[in-house]
Structure formats: structure tokens, C-alpha cells
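**Q** Once you know that position 33 of the sequence shown is 33 in full-length UniProt numbering, the rest is easy, because the numbers rise by one and skip nothing. For every residue, glycine included, the Cβ atom is placed at its ideal position computed from N, Cα and C.
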Amino acid sequence: MTNVWIFTGPGAEVGFLAGGATGTGLNALLDDPSPASVTQGVFRFLADGKFLSLLTVLFGVGLAIQFDSAARNGRAWPGRYRRRAIFLFAEGLLHFVLIFAWDVLMGYAVTALLVAHLLTRSERFRRGVMWTAAALHVTVISLLTLATLTAPNTDTGGPDQETVALYADGSYAQQVLFRLDNMAVLRIEPVLSFGLLVFLFLLGVRLYRAGAFGPDATGRALRTRMARWGLGLGLPLNAAVSLGGADWFLLGRYVAAPVVAIGYIGLIGALLDRVRHPGPLTNGLTALGRCALSGYVLQNLLCVLVSYGIGLGLASRFADSGPWWVMGLWATVSVLLMTGATLWLRHFRQGPLETVQKRLLH
Numbered sequence: 001m002t003n004v005w006i007f008t009g010p011g012a013e014v015g016f017l018a019g020g021a022t023g024t025g026l027n028a029l030l031d032d033p034s035p036a037s038v039t040q041g042v043f044r045f046l047a048d049g050k051f052l053s054l055l056t057v058l059f060g061v062g063l064a065i066q067f068d069s070a071a072r073n074g075r076a077w078p079g080r081y082r083r084r085a086i087f088l089f090a091e092g093l094l095h096f097v098l099i100f101a102w103d104v105l106m107g108y109a110v111t112a113l114l115v116a117h118l119l120t121r122s123e124r125f126r127r128g129v130m131w132t133a134a135a136l137h138v139t140v141i142s143l144l145t146l147a148t149l150t151a152p153n154t155d156t157g158g159p160d161q162e163t164v165a166l167y168a169d170g171s172y173a174q175q176v177l178f179r180l181d182n183m184a185v186l187r188i189e190p191v192l193s194f195g196l197l198v199f200l201f202l203l204g205v206r207l208y209r210a211g212a213f214g215p216d217a218t219g220r221a222l223r224t225r226m227a228r229w230g231l232g233l234g235l236p237l238n239a240a241v242s243l244g245g246a247d248w249f250l251l252g253r254y255v256a257a258p259v260v261a262i263g264y265i266g267l268i269g270a271l272l273d274r275v276r277h278p279g280p281l282t283n284g285l286t287a288l289g290r291c292a293l294s295g296y297v298l299q300n301l302l303c304v305l306v307s308y309g310i311g312l313g314l315a316s317r318f319a320d321s322g323p324w325w326v327m328g329l330w331a332t333v334s335v336l337l338m339t340g341a342t343l344w345l346r347h348f349r350q351g352p353l354e355t356v357q358k359r360l361l362h
């Protein structure tokens, strides 16, 4: 729901930096309250930053599960996990170079190496690191937002035509070289949000150990509280920031959105608590979850082939046709991934990239 707008916007990956993020703000609805504008604004508002934070929390949960498994089986920690994190970094680097500039795997790998060591420390020490990281992150984002608000208006109206042409008509090799030449800029998000990553990883550990994902009464109570507080506080805060416009984008994506993400986790859990008989949707999501790495890379590859000039080039062909085809692309890719994961797991135990990772690590 978030990345599809990057692929389909003018200038694609670079266009996001040059003004492509402004479409996520609800303030655009005040100028254009048409059905297309309202639908796009709400769609992007519900997605931007929330699922990035939700995924980060779940990485922390996964780390806690692996730590507990190592403890039960008497294995040293971090031990072999270091190799897994380094391999994840290598996968992310290849993903960045060959497919998509806004890769998350590299940042997660670095954060995982740090948090893996923190799991060997006391709960009190981890709690101190967790809230210190949060405080530093909020301070940095607030200062950057203040600087943006007080800086002269230098809006260029979007990406330059050379960048737009690169993704509309350029070759695959040119796009790869462009990512390599601009790696410092295109890799700024995990650097900028490193404090948030550490906080959310450790929050995932705490939620898992508190029983927030358990099927018992404790888990249900925690999920209800997460939904109430996360959505009740996060959605109004996010809406207020979003109505402020593009200058408030950093505060919305990296401070307000994580609060909503906690609410999403609680809400999804509360809904699943009421599912008595899993159907195609829950089965498809479960299958895709078991193939998460493969699904993540494949969704980006599919969007590249559909949107860029090296494939079907629909981003330039449908540039003035409104947001409906973009949301249709999101829905189509989602159905393909869930269906493909379901069919794949009927014959294999893991997703294709998960299998490659396991075999190479062994």
C-alpha cells in the first residue's frame, strides 16, 4: 500500500524525495475534495509509515522467538544469528542495487545485530536503551521538522525531467548505476530512523514476552489495549500532522505513524480472535507470511516490471489517469502473492528465497 505509489509516480524512487511524498497528506483533500483525491488521500494516509513500523515491531518479535529457541536448545547467543543478520544485509544490498532503492532489509540487519546483543543484558538495561533511543529519535525528527518549517521555500515542483526519463525510458543498467551513484541519498531512511528501529525492535521483544501474541486471555486483553490506545491516540495525531502539509511529513511518518502501527497490531489481533473458521483471506495471508522475504522482493520486482520503462511502462502511460489504476495494481499484486504463496507451500516447506537463505547459511 505504501511502495506502490513510489513505483508509479514520476521519477519513481527519486521522485519520492523530490515531492512524491506530499500526496500522503490529508491537506490535499481541502484543495481537491473529488472522489479520486479523497480515496487516494485516505488510502495513503492509512498506509504511509504504519506498515513500516509494524514490520519493524514484528522483526523484534522474530528476534525474541529465535533467542528463546537458542536458550531452550542450549545454543550460544548471538552465535549463529550473526551470520543470519549479515546474510540479511547482503540480501538487502542486492535488493537495493538490482531492484528497489528503498530497501528495508539492510537497516533491519544492522539493527538486529545490535538488539541481538542487547537481549543478553538485563531487562532494566534494555528498557533504558529502548526509551533513550525513542527520545533521541523524537528529538532529531522534531528538529528536522522545525528546520523544514523555518527554511525558505525551495520546492522545485517535483523531480527533474532527466530523472523522470530515466525510469520511463532508461535502460536497466542505467537505473542500477543511478542507484549506486546516489547510494548515500537513497540509503538515508535507515540512518535517519535508526533510533526508531532500535525502539520498535525492543518494543516487539517486550510485547512478545508480555504475551501480546498469545491466544489466551492475557493476549486478548493486551491486543484490545493496543488497539484502543494506538488508534485512539495515533489516528487523531497522524491526521493533525497530515493536515499540516508536506513540511510535517517527517513527524507524521516517523513519530505519529508508529503509534498507529501499535493500534493496527492490536486491531488485527482482535479481529483474528473472532475468526472461528479461517477462509481464503486468512489462509492466503498466513501462507504469504511464511514466504515473507520472497513476497517482499517479488512485490517490488512485479511493480518494477509493470511501472518502469524496462517493462510495461504503465507509470508514464497512465500518468494522468488518476489513482484508480495504482490501487488496482496494489490489489492485483496482493492477490497474486497470496495465491502464489498458497500454491507454493503445497509443494515446499518454505518460500524460494527462504530456502536459498537456509541452504547457504548451512
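Count the other CB atoms, across all protein chains shown, that sit within 10 Å of the CB of Gly74; report buried if there are 16 or more and exposed otherwise.
**A** The count along the sequence shown starts at 1 and reaches residue 74 at position 74. Label assigned to Gly74: exposed.
**Q** Straight-line CA distance for Val191 to Thr111?
**A** For the purposes of this step, residue 191 is taken as residue 191 along the sequence shown, with counting starting at 1. For the purposes of this step, residue 111 is taken as residue 111 along the sequence shown, with counting starting at 1. Going by the C-alpha atoms only, they are around 11 Å apart.
**Q** CB Lys50 to CB Ala270, shorter than 7 Å?
**A** Position 50 of the sequence shown, counting from 1, holds the residue named residue 50. Position 270 of the sequence shown, counting from 1, holds the residue named residue 270. Cβ distance not < 7 Å, so Lys50 and Ala270 don't count as in contact.
**Q** Give the list of continuous alpha helix (DSSP H) stretches no shorter than 4 residues that lie fully inside the region 76–120.
**A** Listed in chain order, they are 81–98, 105–118.
**Q** Apply the 10 Å Cβ neighbour rule to Glu123 and answer buried if 16 or more other Cβ atoms are within range, or exposed otherwise.
**A** Numbered from 1 along the sequence shown, position 123 holds the residue referred to as residue 123. That one is exposed.
**Q** Is the region 268–283 touching the region 66–82, taking contact as three or more C-beta pairs under 8 Å?
**A** As far as the Cβ criterion goes, the region 268–283 does not touch the region 66–82, which means the pair count is below three.
**Q** Mind checking whether Phe213 and Ala134 have CB atoms under 7 Å apart?
**A** Taking the first residue of the sequence shown as 1, we reach residue 213 at position 213. Taking the first residue of the sequence shown as 1, we reach residue 134 at position 134. No, the Cβ-Cβ distance between Phe213 and Ala134 is not below 7 Å.
**Q** Can you tell me where the alpha helix (DSSP H) with Phe348 in it begins and where it stops?
**A** As a first step, residue 348 is located in the sequence shown; it is residue number 348 there, counting from the start. Segment: none, Phe348 is in no alpha helix (DSSP H) and carries neither H nor E.
**Q** Between Gly230 and Gly195, how many whole angstroms is the CB-CB distance? I'm expecting something under 8 Å.
**A** Translated into positions along the sequence shown, residue 230 becomes position 230. Translated into positions along the sequence shown, residue 195 becomes position 195. Not quite, the Cβ-Cβ distance comes to about 20 Å (not below 8 Å), so this is no contact.
**Q** Which residue's Cα is closest to the Cα of Phe7: Leu337, Thr145, Leu166?
**A** Taking the sequence shown and counting its residues from 1, the one referred to as residue 7 is at position 7. Of the listed residues, the one whose Cα sits closest to Phe7 is Leu166.
**Q** Identify, in the order they occur along the chain, each residue of the same chain with its Cβ nearer than 7 Å to the Cβ of Ala361, setting aside the five sequence neighbours on each side.
**A** As a working mapping, residue 361 is identified with position 361 in the sequence shown. Ala is not the amino acid found at residue 361; the sequence shown has Leu there. Closer than 7 Å at the Cβ level, and outside the excluded window around Leu361, lie Arg83, Arg84, Phe87.
**Q** Does Arg274 come out as helix, strand or coil in the three-state DSSP assignment?
**A** Walking along the sequence shown from the start, residue 274 turns up at place 274. Reduced to three states, the DSSP call for Arg274 is coil.
**Q** What separation, rounded to the nearest whole angstrom, lies between the Cα atoms of Asn27 and Trp102?
**A** Counting from one through the sequence shown, the residue named residue 27 turns up at place 27. Counting from one through the sequence shown, the residue named residue 102 turns up at place 102. About 25 Å.
**Q** Return the Cβ separation of Val129 and Leu202 in integer angstroms, given the expectation that the two are a contact with Cβ distance under 8 Å.
**A** Working through the sequence shown from its first residue, we reach residue 129 at position 129. Working through the sequence shown from its first residue, we reach residue 202 at position 202. With 8 Å as the limit, Val129 and Leu202 qualify as a contact, their Cβ atoms being about 7 Å apart.
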